[in-house]
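In the numbering used here, the protein residues as written are 207 to 802.
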């Protein structure tokens, strides 16, 4: 019987490797630019056509290659970065495996033009589908130019997964931005069909690079932080707590100037900001951990995007402490975390706290609180048991009856505590943010559909300074925003001006709403169903226009939210599907207290 196990052809092996390394044009740009940086380049120009689907050209002024090296660089595992096993454990370069170029060559038409410094001429190597077709001498400037044409031309299944050119361009720009942020001494330029979409001149100060790539607006809110620890140092910049974004995509961690996706480092950022930002908001942070290469393993991920530390806890604590101390030195942080921003000590978190505001004609009743820091004393009369109350059910309240509920007060400045006398009586907890979000969502949607949406002109328009990729994303959704009453007009290169906002939206929330809409557009794309895009924007606007969890409300504000629920077609869930209200019937409460 013939053997069933065989060695794969080199071409097939390279295509499999390409599946790990080359996901889309942005992956190609990352690998080629990393090679340029490893070659000591101080000027790197990236040119793409159709978002990189047709052409990716990377030109640098690095050391270049001679004829032998240029011909060898397309062979798998050919590398100038490591020679011995010991080198593998002290990697200081961005690339080292010798897999990227052969993998890219196997799924494209590739041309390498390279001239070594001091050489009289250069070398051209052309390959198609991984097969070298030409090696020739030619005149050219010192440095290297690589051209990748027709990506995935020989693997049509992979090509089908590529997105539209604009979407792929956005991914390319993001990949180049991550490479450029922490290398201020290198000039970067990204050209799309001959037009520059991202340019970062070489500068001496990292803050100048951050301003060029993240925008002047971000730069105005940055502060520096640093820390020196055994075996590593931390240096970085972060935004004040009053400037935040809706996702972690604006956190840029680096290890020895290599951008990484590391949950440990992102967790350290969250830990430092835990008492400064509300849930769902994140800072813009750019920082670098300079560490002995022997203490970090970068060879744990196909694209080297993830790393492993030998001293995980120390690195986490070093980053968290460096940022936390800088925050504490500049901003007042209430001790104890999120809820304490609104005047409550950490000791009472989770304890029973109910506030009731007197209605007209009623006498004021004091706040009732049982702080966890003041436990009841004295021996219990019996062994206490857990009160086994059901977790609550959706209420059996018909539309139009929310306003009839009796308001008892507020729990944890997040829930409206109500009483219903229907069906023998029950206790209801209304999530104030979720409920208000539902009210605002339906009002915005109805106003948009029937043309009665109330808008207000801003006396002082809000100016946004954006990154080029963000500006492109905003341009694609500006008409959708206008339908919502959010008019944003171009105000110069990558500058925009918010001129009108929906009446339900506080002026202070307009900036964050537009930035969140940009983030959402970049994440989900702008092509396809316009109705779905507008629905997503409506949900963001409703969220930003609503009261927050942890916000103390007056009795009038609570009643207004309940009256608003009576106007809603779906009052028992927020636009995201979370419940707005839970009901606890009196008979369940009495059973829990052994009264039945």
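Just so it is clear, CB atoms sit at the ideal spot from N, CA and C, and this is done for glycine as well. Bear in mind the structure is a predicted one, so any value in this text is a computation, not a measurement.
Quick check on the burial criterion: 16 or more other C-beta atoms within 10 angstroms. Buried or exposed for residue 384? Residue 384 comes out buried.
Out of 750, 796, 782 and 777, which has the shortest C-alpha to C-alpha gap to residue 788? Nearest in C-alpha terms to residue 788, of all of 750, 796, 782 and 777, is 777.
Residue 789 lies in the beta strand (DSSP E); which residues open and close that run? Element bounds for residue 789: 787-791.
In whole angstroms, give me the CA-to-CA distance for residue 441 and residue 534. Taking the Cα positions, residue 441 is about 17 Å away from residue 534.
Euclidean distance between Cα positions of residue 495 and residue 468: Approximately 12 Å between the Cα atoms of the pair.
Sequence ranges, alpha helix (DSSP H) only - wholly within the stretch 716-746, length at least 4: Runs found: none.
What are the complete beta strand (DSSP E) segments, minimum 3 residues, inside the stretch 377-401? Counting whole runs of 3 or more residues, the stretch 377-401 contains the beta strand (DSSP E) stretches 393-398.
Taking residue 663 as part of the beta strand (DSSP E), name the residues at either end of that continuous run. Here the beta strand (DSSP E) through residue 663 covers 661-671.
For residue 360 and residue 313, believed in contact at Cβ under 8 Å, the rounded distance: Yes, they are in contact, since the Cβ atoms of residue 313 and residue 360 sit about 6 Å apart, within 8 Å.
Taking the beta carbon of residue 402 as the centre, do at least 16 other beta carbons fall within 10 Å, making it buried, or is it exposed? So residue 402 ends up on the exposed side.
Quick one: is residue 804 buried, meaning 16 or more other Cβ sit within 10 Å of its Cβ, or exposed? Residue 804 lies beyond the residue range present for the chain, which begins at 207 and ends at 802; the question has no answer from this structure.
Between which two residues does the beta strand (DSSP E) containing residue 332 stretch? Looking at the DSSP string, the run of the beta strand (DSSP E) that includes residue 332 is 328-334.
Would you call the stretch 426-441 and the stretch 700-720 touching, i.e. three or more CB-CB distances under 8 Å? Segments in contact, no.
May I have the straight-line CA-CA distance separating residue 631 from residue 607, to the nearest angstrom? Pairing residue 631 with residue 607, the inter-Cα distance amounts to about 14 Å.
Runs of alpha helix (DSSP H) wholly within the stretch 397-477 (minimum 4 residues, chain order): As for any alpha helix (DSSP H) of minimum length 4 sitting wholly inside the stretch 397-477, the runs are 412-420 and 422-426, ordered along the chain.
Report the residue from 683, 331 and 470 whose alpha carbon sits nearest the alpha carbon of residue 524. Cα-wise, what sits closest to residue 524 is 470.
Cβ shell of residue 780 (< 7 Å), same chain only, five flanking positions each side left out: Excluding sequence neighbours, residue 780 sits near 640, 643, 644 and 786.
Assess, as a yes-or-no matter, whether the stretch 370-382 is touched by the stretch 248-265 under the definition of 3 or more beta carbon pairs within less than 8 Å. With a cut-off of 8 Å, the stretch 370-382 and the stretch 248-265 count as touching, because enough Cβ pairs lie within range.
Neighbourhood of residue 711 by C-beta distance below 7 Å, restricted to the same chain and skipping five residues each side: Contacts found: 719, 747, 750 and 751.
Suppose only complete runs of 3+ residues qualify. What are the beta strand (DSSP E) ranges in the stretch 349-374, listed by chain order? The DSSP assignment places complete beta strand (DSSP E) segments of no fewer than 3 residues inside the stretch 349-374 at 349-355, in order along the chain.
Indicate the three-state DSSP secondary structure (helix, strand or coil) for residue 782 in the structure shown. In the structure shown, residue 782 sits in coil (DSSP, three-state: anything other than H, G, I, E or B).
Rounding to the nearest angstrom, what Cα-Cα distance links residue 663 and residue 683 in this structure? One C-alpha to the other measures close to 20 Å.
Using CA atoms only, rank isn't needed, just tell me which of 653, 636, 649 and 655 is closest to residue 774. Looking at the Cα atoms, 649 is the closest of the given residues.
Give me the Cα-Cα distance between residue 415 and residue 790, rounded to the nearest whole angstrom. Approximately 56 Å between the Cα atoms of the pair.
Considering Cα atoms alone, identify which of 628, 766, 270 and 671 is closest to residue 426. Nearest of 628, 766, 270 and 671 to residue 426, Cα basis: 671.
Find the nearest neighbour of residue 690 within the set 666, 673, 741 and 665, judged by alpha-carbon distance. For the residues 666, 673, 741 and 665, the minimum Cα distance to residue 690 belongs to 741.
In terms of alpha-carbon separation, which member of 488, 334, 619 and 730 lies closest to residue 475? With distances taken between Cα atoms, residue 475 lies closest to 488.
Less than 8 Å between the beta carbons of residue 514 and residue 503, yes or no? Taking 8 Å as the Cβ cut-off, residue 514 and residue 503 qualify as a contacting pair.
State the DSSP-derived secondary structure class of residue 574, mapped to helix, strand or coil. Because the pLDDT at residue 574 is just 30, under 50, the model does not fix this residue reliably, and the value given afterwards should be weighed accordingly. Residue state, collapsed to three classes: strand.
Residues of its chain near residue 729, where Cβ-Cβ distance is below 8 Å and the 5 sequence neighbours each way are ignored: Counting only Cβ-Cβ distances below 8 Å, and skipping sequence neighbours, we find 453 and 455.
Note down, in chain order, each residue of its chain lying with its Cβ closer than 7 Å to the Cβ of residue 280, except the 5 sequence neighbours on either side. So the qualifying residues of the chain are 307, 308, 311, 331, 333 and 338.
Local conformation of residue 700 per DSSP, three classes: Look at residue 700 here: in three-state DSSP terms it is coil, with no helix or strand label.
Once the 5 residues before and after residue 736 are set aside, which same chain residues still bring their CB inside 8 Å of it? Correct list, in chain order: 686.
Taking the straight line between their C-alpha atoms, what separation do you get for residue 324 and residue 738? Taking the straight line joining both Cα atoms gives about 58 Å.
Let me confirm a value: residue 336 is counted as buried when at least 16 other C-beta atoms fall within 10 Å, else exposed. Which label applies? The residue is buried, with at least 16 neighbouring Cβ atoms inside 10 Å.
Cβ distance (whole Å) where residue 326 is taken to contact residue 444 below 8 Å: Their Cβ separation, rounded to whole angstroms, is 50 Å, which puts residue 326 and residue 444 out of contact at 8 Å.
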